[in-house]
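Enquirer:
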Amino acid sequence: MAFDFNLFFLWAILYLLGYLATFAAVRHNLSSRRMLPALTAAFLFLYLCAMVFSGLLYQYFGDDVMVLYWILVCYVLGLAVYLVRLLWRDRAEISRQPLLFLFANLAMVLYITLGSRLSDMYSREVRMVPFQNLILAVSTGNFSILNHSILNMLLFLPTGILLALLGPRRMRRVEIGFLLGLVLSVAIETVQLTAKLGTCDLDDIISNALGAAVGVLLCNLLIPRRPARRH
């Protein structure tokens, strides 16, 4: 198999982002700076093991695109744990009605992306080239290619809006909306991949996550958070 520099670059970016994010989170909770050298060495060892594991996956699948995708899935699992932890911390501030609407919206998204395709069968295909539709649209001048990405963004727009309406201040952060969209999108794409219900496309994941982030941003602009009352 020919060496693909673009995929190698994506591998490097994923490893680097994962290393920096995890290291920063753990370092923030360190009780003593003296532990920093040992922590650094431990993380370097763990990521060396991760690289070896990636090589074993490549030997098993024989496809670097598939390996890259499952590395992304592992990262997203960590993000899912992080989001659940945030929601659990702020559970006392969460409004029940927006939460029910959020669950109903997620059920609708799952039906549109998965339930409506149960009668169809696709081959297991993974496309891991980011912004491929945008590049193709600009290079050819045919911007109708972006219609699918725009529809994906619109599909996840209500998810971001309802997330921001839950109540806790941190749920109005645009990056939290993006992370929620990313987690949900990767979960859906993984089900589509394993059940052969559709093509797993990185562009779909990005547009879904952006849609949720834009939803949070719109909510912040149109429905400002009320300041807490002072007693």
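Read in this note's numbering, the sequence shown has 231 at position 231, and its numbers run on one by one without any break.
Glycine is no exception: its CB is placed at the ideal position from the N, C-alpha and C atoms.
Are there 16 or more other CB atoms within 10 angstroms of the CB of LEU115, so buried, or fewer, so exposed?
Expert: Looking at the sequence itself, residue 115 is Gly, so the reference to Leu does not match. Label assigned to GLY115: exposed.
Enquirer: Is the separation between the beta-carbon of THR159 and that of GLY181 shorter than 8 Å?
Expert: yes
Enquirer: Rounded to a whole number of angstroms, what is the C-alpha to C-alpha distance between ALA213 and ASP203?
Expert: The alpha-carbon separation between ALA213 and ASP203 amounts to approximately 15 Å.
Enquirer: Taking a contact to mean a Cβ-Cβ separation below 8 Å, would you say CYS219 touches ARG172 in this structure?
Expert: yes
Enquirer: How is VAL126 classed by DSSP in three states: helix, strand or coil?
Expert: strand
Enquirer: Here's the rule: buried if 16 or more other CB atoms are within 10 angstroms of the residue's CB, otherwise exposed. What is TYR111?
Expert: Answer is exposed; the Cβ neighbour count stays below 16.
Enquirer: Measure the C-alpha to C-alpha separation of VAL186 and VAL126 and round it to an integer number of angstroms.
Expert: 12 Å
Enquirer: Determine the closest residue to ILE206 out of VAL109, LEU163, PHE131, with distance taken between C-alpha atoms.
Expert: Among VAL109, LEU163, PHE131, the Cα nearest to that of ILE206 is on PHE131.
Enquirer: Give the straight-line distance between the Cα atoms of PHE235 and LEU162, rounded to the nearest whole angstrom.
Expert: In this structure the chain extends from 1 to 231, so residue 235 is not present and cannot be described.
Enquirer: Looking at the secondary structure, which residues open and close the alpha helix (DSSP H) in which ARG96 lies?
Expert: 96 to 113
Enquirer: Run through DSSP, which three-state label would ASP201 get?
Expert: strand
Enquirer: Between which two residues does the alpha helix (DSSP H) harbouring LEU182 extend?
Expert: 174 to 195
Enquirer: On the three-state DSSP scale, how would you describe PHE131?
Expert: coil
Enquirer: Where do the N-terminal and C-terminal ends of the alpha helix (DSSP H) with PRO224 fall, by residue?
Expert: Here PRO224 belongs to no alpha helix (DSSP H), and DSSP marks it neither H nor E.
Enquirer: If we count the other Cβ atoms within 10 Å of its Cβ and call it buried at 16 or more, is MET66 buried or exposed?
Expert: buried
Enquirer: Compare the beta carbon distance of VAL183 and VAL76 with 8 Å and say whether it is the shorter of the two.
Expert: yes
Enquirer: With DSSP collapsed to three states, give me the class of PRO158.
Expert: helix
Enquirer: Using only the alpha-carbon positions, how far apart do ALA137 and THR194 sit?
Expert: 29 Å
Enquirer: For the putative contact between LEU166 and ILE94, defined by C-beta atoms under 8 Å, what is the C-beta separation to the nearest angstrom?
Expert: 5 Å between Cβ atoms; contact.
Enquirer: Could you name the residues of the same chain whose beta carbon sits closer than 6 Å to that of THR40, not counting the 5 residues immediately before and after it, in chain order?
Expert: So no residue of the chain qualifies.
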